[in-house]
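Note that the protein sequences, when read in sequence, are chains A and B. Residue numbers for the first sequence follow our numbering, beginning at 2 and rising by one. Residue numbers for the second sequence follow our numbering, beginning at 99 and rising by one. Note that the Cβ used here is the ideal one computed from N, Cα and C, for glycine as well.
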Amino acid sequence: MDLSFVILVEILYAIASLALISVGLAVVFGMMKVINLAHGEFMMMGGYATITAVNLGVNVFVAMLIIAPLVVGLIGLLVERLVIRHLYGRLVDTMLATWGLSLFFIGMVTMIFGNTTTSITTPIKGFTVGNYQINGYNFFVIFITICLLVGIYALLKTTRAGLTARGTMQRSDIAAALGYSPDRIYMATFFCGSALSGLAGAVLAPLVGLVPTSGGIYIAKAFITVIAGGPALITGLVTSSGLFGLVNQIFTFAISPVIGEVALLIAAVILLRLLPQGVTGKFFKGKM
Amino acid sequence: MSLTWGKGDVAALIFAVLLLFVMPMLISTYTLTVLVIYGMLALSLGLIWGFGGILCFGQAAFFGLGAYTYAVAAINIGESTVPMLLAVFVPALFAALLGAMMFYGRLTDVYLGVITLVVTLILFKFVNSTAGPQYKIGEARLGGFNGIPGFHTLNVPGQPDSYIWGDALYYVSAVALIMVFFFITWLLRTPFGRIAVGIRENETRVSLMGYDVRARKTALFAIGAGIAGLAGGFFANWGEIVTPGLFSLGQSAEIIIWCIVGGLGTRFGPILGAAGLAYLKFALGQQTLIDNTLITGIILVLFVLFLPKGIVPAVTSLWSVSFAKRASRNRRHRRGSRQAGGTYG
Chain A
2 MDLSFVILVE ILYAIASLAL ISVGLAVVFG MMKVINLAHG EFMMMGGYAT
52 ITAVNLGVNV FVAMLIIAPL VVGLIGLLVE RLVIRHLYGR LVDTMLATWG
102 LSLFFIGMVT MIFGNTTTSI TTPIKGFTVG NYQINGYNFF VIFITICLLV
152 GIYALLKTTR AGLTARGTMQ RSDIAAALGY SPDRIYMATF FCGSALSGLA
202 GAVLAPLVGL VPTSGGIYIA KAFITVIAGG PALITGLVTS SGLFGLVNQI
252 FTFAISPVIG EVALLIAAVI LLRLLPQGVT GKFFKGKM
Chain B
99 MSLTWGKGDV AALIFAVLLL FVMPMLISTY TLTVLVIYGM LALSLGLIWG
149 FGGILCFGQA AFFGLGAYTY AVAAINIGES TVPMLLAVFV PALFAALLGA
199 MMFYGRLTDV YLGVITLVVT LILFKFVNST AGPQYKIGEA RLGGFNGIPG
249 FHTLNVPGQP DSYIWGDALY YVSAVALIMV FFFITWLLRT PFGRIAVGIR
299 ENETRVSLMG YDVRARKTAL FAIGAGIAGL AGGFFANWGE IVTPGLFSLG
349 QSAEIIIWCI VGGLGTRFGP ILGAAGLAYL KFALGQQTLI DNTLITGIIL
399 VLFVLFLPKG IVPAVTSLWS VSFAKRASRN RRHRRGSRQA GGTYG
């Protein structure tokens, strides 16, 4: 009984963290069709922003939920104006340019913070269920992820800004004809996407020690989750992170964490082979 | 274009042989060997990406696979000829299977990139976790994070005791690079190569002409992987150790950067890009002022933004604008009339 509760929490946590890792990328890649290979580095910088802010004496939740997204969002804004803006519509070129950016950020953070592991303690205490210890922070991650997903869904579906953004992503020329500025909407969307990446990085930072290269562990997982999700943003993200999180945890329990990761990746390869348009490209058509 | 040797090829060969003997006077052969190996690796991606239009994010997978195959086989066999051949065939076979899976599934650009990236990552994670004694192939323990040291290095075929190392290893690998270069030149002139370029330009059209695009892409992918595997085999001999780092994302990224900087769709470009950037990295590595990942990143961004075709095509088009155009204008004068609007630049 206790064990099954622990397993359930672990599975939920795996799913939530996958969704959290991918949500920023889902906005940038899923909506804007910009392949942001620097996504992992945005997360890494979110983590560093949090740790720096906490060391300066800021409350950890303020640092995590406000400072980190703002800092990374501004970096994203800069990146969009300087680089990405010139490359819209050129898929492979954005991929290469953002890869260059990711190397640049790794180098820069190494120069600033050094090549050592930095970390902060998790702000929420663990508790026990029967004979097992559960990390209380896991619930926080699950909670934040649910809030984010519901929030984005509501923003895109019910507000005028969301409608404008979705419309611009589909047909920017029509949006321009209707008097909206696609340039500014793209800019704002990229800002939101990078801020979400920063937030995700910040929330996950207390769980893992940060090094300048930590972005690399997220990028592949985020990518396959978004691509396997397909065109529908939130539905796709929830389905694919649910699927991969489940596979990952089952193999982690049954064999080992490394096999869990490998199983996740293999599941992704098989899924992409079977459904190249992603889950929502085949099922749930026309959903969000 | 014919399949026989042209003037350009003879010039290229003379140039290559000259370089082969001049370079050791400028740079130590130990460094040169690795530049040559990287050149070969970049050429393998240059072939499938520049001429076949297949963007593979996981060329490092085949490189690492080649190196590991060599190391494992060399420990088990105890000489180097067969392991070297295996280092070519195992990655080629692996690529053929992977390629068949992807191309017959009609996956294109981004999805292809992601799958090759993920496969590299799987290999990296797997090899990294094989530290335990139960992970062994024959006599060879995979060694996990520490890699495999102490295998039999390259020897003269048939004489396991006469090792090829130092200067000799440089000459062997440089000659191998020249051979690979001319093999690719030849391949691109065969109907197979011409159709590969056709597929890069317009896949649908080529398939409507009745060619089996999927089989051809798979074959090209496998050939590229074989060359990368050969480079891996040489790398194992140069480093005398193989580690999971060979499969890392950083390694994959670098190969792509070499190709972009040197120039796609050319045969010299990737080699030049690889040797140049690897040397730059080596030179930067000797100072501590600026992190060299940062420089690599800036170079890649600047090239994508301002010189997306790379150095070699840019220089060639500059050359043809400033010299060839003048020559052709004279010719046009002589011939009297010609349609307006040049095709240069």
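For proline 247 of chain B, which of helix, strand or coil comes out of DSSP?
strand
Closer than 8 Å by C-beta to isoleucine 388 of chain B: which residues in its own chain qualify, once you throw out the five before and the five after it? Chain order, please.
Leu382
Assigned secondary structure, lysine 234 of chain B (DSSP; H/G/I helix, E/B strand, else coil)
strand
Quick check: is the beta carbon of methionine 109 of chain A nearer than 8 Å to any beta carbon in chain B?
yes
Give a single yes or no on whether asparagine 56 of chain A has its beta carbon closer than 7 Å to a heavy atom of the ligand MN.
What this structure holds is no ligand at all, so the ligand MN is not there to describe.
Taking CB distances under 8 Å as the criterion, tell me whether proline 277 of chain A reaches chain B.
yes
Which of the three DSSP states is assigned to glutamine 134 of chain A in this structure?
strand
Residues near leucine 205 of chain A in its chain [Cβ-Cβ closer than 8 Å; skip 5 each side]
Ser18, Leu21, Ile22, Met44, Gly48, Val142
Is the Cβ-Cβ distance between leucine 197 of chain A and serine 103 of chain A less than 8 Å?
no
State yes or no: is the beta carbon of phenylalanine 224 of chain B nearer than 8 Å to at least one beta carbon in chain A?
yes
Alpha carbon to alpha carbon, how far is isoleucine 355 of chain B from threonine 341 of chain B? Give it in angstroms, no decimals.
22 Å
Which stretch, first to last residue, makes up the alpha helix (DSSP H) that contains asparagine 335 of chain B?
311-337
Alpha-carbon to alpha-carbon, phenylalanine 160 of chain B and glycine 330 of chain B
8 Å
Taking the alpha-carbon of histidine 40 of chain A as reference, which of A/Ala54, A/Val270, A/Leu156, A/Gly74 has the nearest alpha-carbon?
A/Gly74
With alanine 140 of chain B and isoleucine 353 of chain B assumed to form a contact (beta carbons below 8 Å), what rounded beta-carbon distance in angstroms separates them?
6 Å
Nearest CA to the CA of phenylalanine 249 of chain B: which residue from B/Val170, B/Val217, B/Ser305, B/Ala193?
B/Val170
Might you give, ordered along the chain, the residues of its own chain that have their beta carbon closer than 6 Å to the beta carbon of glutamate 42 of chain A, omitting 5 neighbours on each side?
Ser103, Phe106, Gly216
Out of A/Gln278, A/Val239, A/Phe254, which has the shortest C-alpha to C-alpha gap to isoleucine 16 of chain A?
A/Val239
Looking only at its own chain, which residues have a Cβ that is under 8 Å from the Cβ of leucine 184 of chain B, when we skip the five neighbours before and after it?
Thr167, Tyr168, Ala171
Where do the N-terminal and C-terminal ends of the alpha helix (DSSP H) with glutamine 250 of chain A fall, by residue?
234-255
Closest Cβ-Cβ distance between isoleucine 152 of chain B and chain A: below 8 Å?
no
Taking only beta-carbon positions, decide if alanine 159 of chain B is within less than 8 Å of chain A.
no
Comparing C-alpha positions only, which one of A/Leu266, A/Gly194, A/Ser257 sits nearest to serine 241 of chain A?
A/Leu266
Can you list the residues of chain A that proline 406 of chain B reaches, using a CB-CB cut of under 8 Å?
Asp94
Does chain B have any CB closer than 8 Å to the CB of glycine 40 of chain A?
Going by the sequence as given, residue 40 of chain A is histidine instead of glycine. Histidine 40 of chain A does not count as touching chain B.
Where do the ends of the alpha helix (DSSP H) carrying alanine 203 of chain A lie?
183-205
Starting from methionine 307 of chain B and walking both ways along the alpha helix (DSSP H), at which residues does that stretch end?
Methionine 307 of chain B -> no alpha helix (DSSP H), and no H or E assigned at all.
For threonine 118 of chain A versus proline 207 of chain A, is the C-beta distance shorter than 8 Å?
no
Does valine 59 of chain A come out as helix, strand or coil in the three-state DSSP assignment?
coil
Can a CB atom of chain B be found closer than 8 Å to the CB of glutamate 81 of chain A?
no
Which of the three DSSP states is assigned to tyrosine 154 of chain A in this structure?
helix
Between alanine 376 of chain B and chain A, is the shortest Cβ-Cβ distance under 8 Å, so that the two count as touching?
no
What in chain A is Cβ-close to tyrosine 209 of chain B, meaning under 8 Å?
Ile228, Leu273, Pro277
Compare the C-beta of methionine 44 of chain A against all C-beta atoms of chain B and say whether one is closer than 8 Å.
no
Can you check whether the C-beta of valine 270 of chain A is within less than 8 Å of a C-beta belonging to chain B?
yes
Looking at the strands, I want to know which residues DSSP matches up with asparagine 390 of chain B.
Answer is none; asparagine 390 of chain B lacks a bridge partner.
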